[in-house]
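When you read off a place in the sequence shown, starting at 1, and then add 21, the result is the number in my numbering.
Quick reminder that beta carbons are idealized off the backbone N, C-alpha and C, glycines included.
What follows is a set of notes on a single structure, which appears directly below.
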Amino acid sequence: MSLRSRKAVTWKRVRCLRSRRGDYLVLHDTGAYGASMSSNYNSRPLLPEVLFDNGKARLIRRRQTIEELLALEVF
Numbered sequence: 022m023s024l025r026s027r028k029a030v031t032w033k034r035v036r037c038l039r040s041r042r043g044d045y046l047v048l049h050d051t052g053a054y055g056a057s058m059s060s061n062y063n064s065r066p067l068l069p070e071v072l073f074d075n076g077k078a079r080l081i082r083r084r085q086t087i088e089e090l091l092a093l094e095v096f
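What follows is the structure, encoded as structure tokens:
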């Protein structure tokens, strides 16, 4: 499901293997929903990004904190 706006909802039925704690969920080929086109639309924080190289996971962009999200807001 897309969280960009209420009108941009897309569902696709996929079959998944049973997951266990510590497993990775990979969403690839995200197009406009990847980091290069990401934004804080609807006050959603930016997500972390993990690079997998030869079976090893490496954090390449950390999750945006709520404090960072609100830092430029004027209340």
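Spatial neighbours of C37 in its own chain (CB-CB distance under 6 Å, excluding positions within 5 residues in sequence) are not present.
Closest in alpha carbon position to S64, among V35, A92, R34, K33, is A92. Rounded to whole angstroms, the gap between the alpha carbons of S59 and L67 is 7 Å. Rounded to whole angstroms, the gap between the alpha carbons of S57 and R39 is 31 Å.
Secondary structure at A92: coil, using DSSP grouped into helix, strand and coil.
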